[in-house]
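Per numbering that gives the first Met the number 0, residue 0 is the first one in the sequence shown, and the count goes up by one each step. C-beta atoms are modelled at their ideal positions from N, C-alpha and C, and glycine is treated no differently.
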Amino acid sequence: MSELLNSLSDVQCNPNYDTFEFSITDFLEVDNIALNEADVTTYVARAIGGEFTNDKLAVGIVVTDPKMINLLKTRYQPLVAYQVGYFSTLEACSEWVLEKTGTKVEF
Numbered sequence: 000m001s002e003l004l005n006s007l008s009d010v011q012c013n014p015n016y017d018t019f020e021f022s023i024t025d026f027l028e029v030d031n032i033a034l035n036e037a038d039v040t041t042y043v044a045r046a047i048g049g050e051f052t053n054d055k056l057a058v059g060i061v062v063t064d065p066k067m068i069n070l071l072k073t074r075y076q077p078l079v080a081y082q083v084g085y086f087s088t089l090e091a092c093s094e095w096v097l098e099k100t101g102t103k104v105e106f
């Protein structure tokens, strides 16, 4: 979880964060996700703080683990104002980002 929170801090502390249109979190190569409700609560608190600086961010989450998807959809998404999309591939996430922001993302 600390890597995820460090990543979130790096993004939100960027001096240009208020102009960011999207964020993509890629969990595809994660072998074991040790994320519980307390971790998600911490993540949500950080995200809510970030919304005060940039409330127009589209958040794409690339994940295939059903437990993780359920946890994020039930404990994260209802508490944040961001547009959130869940995808099983980076390509699908890229298409969603293009639709939401007009920005083409290539991997």
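| Query | Result |
| --- | --- |
| Buried/exposed call for Leu56, threshold 16 Cβ in 10 Å | buried |
| Proximity winner among Asp17, Ser8, Glu36 and Glu98, relative to Gly59 (alpha-carbon distances) | Glu98 |
| Sequence-distant residues of the same chain with beta carbon closer than 7 Å to Asp9, five excluded per side | none |
| Inter-residue Cα distance where the pair is Tyr81 and Glu50 | 8 Å |
| Reference Ile68; option with closest CA among Thr24, Arg45, Thr100 and Thr102 | Thr24 |
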